[in-house]
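Trainee: Number 268 in the working numbering belongs to position 266 of the sequence shown; there are no gaps in the numbering.
Backbone N, C-alpha and C fix where the C-beta goes; we use that ideal spot for every residue, glycine too.
Can you read through this structure? Questions will come right after.
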Amino acid sequence: MFSCCLLSHQEVLSGVVVITSKDTVQHQGISLTMEGSVNLQLSAKSVGVFEAFYNSVKPIQIINSTIEMVKPGKLPSGKTEIPFEFPLHMKGNKVLYETYHGVFVNIQYTLRCDMRRSLLAKDLTKTCEFIVHSLSQKGKLLPSPVDFTITPETLQNVKERASLPKFLIRGHLNSTNCVITQPLTGELVVESAEAAVKSIELQLVRVETCGCAEGYARDATEIQNIQIADGDVCRGLPIPIYMVFPRLFTCPTLETTNFKVEFEVNIVVLLHDDHLITENFPLKLCRM
């Protein structure tokens, strides 16, 4: 059995490699390899438009280093624990971006332990991911509350506005500058609506941009959808807005030369006659 326990503390990754065997193990050395990279890809609709970018894009390597833990020799039967500390040394002037699992942008860090063995025995390898948090921003985050009013007249990209039932929805978001470890909060009130309300939802969206000199591809995809009201809600009743940002699928808003990761929230109201009302709010996420 081959396992690895990890603890990231500031800029040092520490842990224990655990090797369990019934018999004595002969080996040619045990090493640890730390890798971190940003992988970019284009959506199917963008591949033809940005073919030059698609052919030239390569993973952006942030970290790639190896340390020798144990020299060639033997390990006794039973359980052997080998502690380690691995400094996080970036390549050149690279930045240690926060771990993020997206659709077109993926930032991932892994630690691989290799036990090399003789030609007759297969090498043993164990890989596990470790999570990197960006440094907390200094100073206080200034709140940016947003009040909104949604009526047929405020909607954009509507072809047949006259056919829409009349409605008035008011509310507010407490801040669109958000600390990633704290929930997005606010309130929504359906003041009036001619058609019955079917559902009200909060939709968290990531907007990923990949690009180079040839151009940029911008794609928006849904992260999560939370229903905050079901059925024809009482008019004038305050409905709380509350959304926790999921780890791994969100990160502090990021903008670099080759890629950007941004976030938005949509308030979606579905009426019984299948009219879909959507109001969009850009968010700025940070770590404090």
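Is S165 helix, strand or coil by DSSP?
Mentor: For the purposes of this step, residue 165 is identified with residue 163 of the sequence shown, where counting begins at 1. Looking at S165 - three-state DSSP - the assignment turns out to be helix.
Trainee: Report the rounded CA-to-CA distance for Y102 versus H135, giving the unit in angstroms.
Mentor: One-based indexing of the sequence shown puts residue 102 at position 100. One-based indexing of the sequence shown puts residue 135 at position 133. Going from the Cα of Y102 to the Cα of H135 covers about 10 Å.
Trainee: According to DSSP, is V235 part of a helix, a strand, or is it coil?
Mentor: As a position in the sequence shown, residue 235 is number 233, starting the count at 1. Three-state DSSP puts V235 in coil, outside helix and strand.
Trainee: For P248, which residues does DSSP report across the bridge?
Mentor: Reading the sequence shown from its first residue, position 246 is the one you call residue 248. Paired residue(s): none; P248 is not in a bridge.
Trainee: Taking the alpha carbon of R119 as the point to measure from, which residue in I230, Q30, T22 and R237 has its own alpha carbon closest?
Mentor: Within the sequence shown, numbered from 1, the residue matching residue 119 stands at position 117. Ranking the options by Cα distance to R119, first place goes to Q30.
Trainee: Please classify R220: does DSSP put it in a helix, a strand, or coil?
Mentor: Stepping through the sequence shown from its first residue, residue 220 is reached at position 218. DSSP, reduced to helix, strand and coil, places R220 within a strand of the structure shown.
Trainee: What ranges does the beta strand (DSSP E) occupy inside the stretch 126-175, keeping only unbroken runs of at least 3 residues that lie completely in it?
Mentor: Contiguous beta strand (DSSP E) elements confined to the stretch 126-175 occur at 126-131, 148-152 and 169-175, taking only those with 3 or more residues.
Trainee: In terms of residue numbering, what span does the beta strand (DSSP E) encompassing K76 cover?
Mentor: Taking the first residue of the sequence shown as position 1, residue 76 is located at position 74. Taken as a continuous stretch (DSSP letters only), the beta strand (DSSP E) holding K76 covers G75 to L77.
Trainee: Taking Cβ to Cβ, would you say K93 is nearer than 8 Å to I64?
Mentor: Numbered from its first residue, the sequence shown carries residue 93 at position 91. Numbered from its first residue, the sequence shown carries residue 64 at position 62. In this structure, I64 lies closer than 8 Å to K93 by Cβ.
Trainee: So, are the CB atoms of V107 and V263 less than 8 Å apart?
Mentor: To locate residue 107, count along the sequence shown from 1; it is residue 105. To locate residue 263, count along the sequence shown from 1; it is residue 261. V263 sits close to V107, with the two beta carbons spaced by under 8 Å.
Trainee: Starting from C253, trace the beta strand (DSSP E) in both directions and tell me its first and last residue.
Mentor: As a first step, residue 253 must be located in the sequence shown, where it is residue number 251. That residue, C253, is in no beta strand (DSSP E); it is neither H nor E in DSSP.
Trainee: I'd like to check one pair, I228 with L190: are the Cβ atoms closer than 8 Å?
Mentor: Residue numbering aside, residue 190 sits at position 188 when the sequence shown is read from its first letter. Residue numbering aside, residue 228 sits at position 226 when the sequence shown is read from its first letter. Going by C-beta atoms, L190 is not nearer than 8 Å to I228.
Trainee: Are T178 and F283 touching if we call contact CB-CB under 8 Å?
Mentor: The residue labelled residue 178 in the question sits at position 176 within the sequence shown. The residue labelled residue 283 in the question sits at position 281 within the sequence shown. Cβ distance < 8 Å, so T178 and F283 count as in contact.
Trainee: Have a look at D234 and Q184 and give me their C-alpha separation to the nearest angstrom.
Mentor: Sequence index remark: in the sequence shown, residue 234 carries index 232 (1-based). Sequence index remark: in the sequence shown, residue 184 carries index 182 (1-based). Spanning the two alpha carbons is a distance of roughly 30 Å.
Trainee: Report buried or exposed for D125, applying the criterion of at least 16 other Cβ atoms within 10 angstroms of its Cβ.
Mentor: In the sequence shown, residue 125 corresponds to position 123, counting from 1. Classification for D125: exposed.
Trainee: So what does DSSP say about V14, is it helix, strand or coil?
Mentor: Taking the sequence shown and counting its residues from 1, one reaches residue 14 at position 12. V14: strand per DSSP, three-state reduction.
Trainee: If you check the beta carbons only, do I182 and C115 fall under 8 Å apart?
Mentor: Stepping through the sequence shown from its first residue, residue 182 is reached at position 180. Stepping through the sequence shown from its first residue, residue 115 is reached at position 113. Not closer than 8 Å, so no.
Trainee: Determine the direct distance from the alpha carbon of E83 to that of Q28, and round the result to whole angstroms.
Mentor: On the sequence shown, position 26 is the one that residue 28 refers to. On the sequence shown, position 81 is the one that residue 83 refers to. Those two C-alpha atoms are separated by around 16 Å.
Trainee: Let's see if you can read the secondary structure: which residues bound the beta strand (DSSP E) around D116?
Mentor: Here residue 116 is taken as the residue at index 114 of the sequence shown, counted from 1. Where D116 is concerned, the enclosing beta strand (DSSP E) starts and stops at V107 to M117.
Trainee: Look at E210 and V105 and say whether their C-beta atoms are less than 8 Å apart.
Mentor: Residue numbering aside, residue 210 sits at position 208 when the sequence shown is read from its first letter. Residue numbering aside, residue 105 sits at position 103 when the sequence shown is read from its first letter. The answer is yes: Cβ separation under 8 Å.
Trainee: For G80, which of V72, H91 and D25 has the nearest alpha-carbon?
Mentor: Residue numbering aside, residue 80 sits at position 78 when the sequence shown is read from its first letter. Out of V72, H91 and D25, D25 has the C-alpha closest to the C-alpha of G80.
Trainee: Does Q110 pass the burial test, meaning 16 or more other C-beta atoms within 10 Å, or should it be called exposed?
Mentor: Counting from 1 along the sequence shown, the entry for residue 110 is found at position 108. Classification for Q110: buried.
Trainee: DSSP has H103 in a bridge; who is on the other side?
Mentor: Here residue 103 corresponds to residue number 101 of the sequence shown, with the count starting at 1. The partner list for H103 (beta bridge, DSSP) reads N108.
Trainee: If I measure Cβ to Cβ from A222 and keep anything under 6 Å in the same chain, skipping five residues before and after, which residues do I get?
Mentor: Taking the sequence shown and counting its residues from 1, one reaches residue 222 at position 220. Closer than 6 Å at Cβ, skipping near neighbours: V207 and V209.
Trainee: Looking at S146 and F169, is the spacing between their C-beta atoms short of 8 Å?
Mentor: Along the sequence shown, read from residue 1 onward, the residue named residue 169 stands at position 167. Along the sequence shown, read from residue 1 onward, the residue named residue 146 stands at position 144. No.
Trainee: Out of F88, I32 and L90, state which residue places its alpha-carbon closest to the alpha-carbon of M71.
Mentor: Sequence index remark: in the sequence shown, residue 71 carries index 69 (1-based). Answer by Cα proximity: I32.
Trainee: Quick one, are the C-beta atoms of L273 and A197 less than 8 Å apart?
Mentor: Numbered from 1 along the sequence shown, position 271 holds the residue referred to as residue 273. Numbered from 1 along the sequence shown, position 195 holds the residue referred to as residue 197. In this structure, A197 lies closer than 8 Å to L273 by Cβ.
Trainee: Between Y99, T153, F88 and I269, which lies nearest to T255 when the distance is taken from Cα to Cα?
Mentor: Here residue 255 is taken as the residue at index 253 of the sequence shown, counted from 1. Of the candidates Y99, T153, F88 and I269, the residue whose Cα lies closest to the Cα of T255 is Y99.
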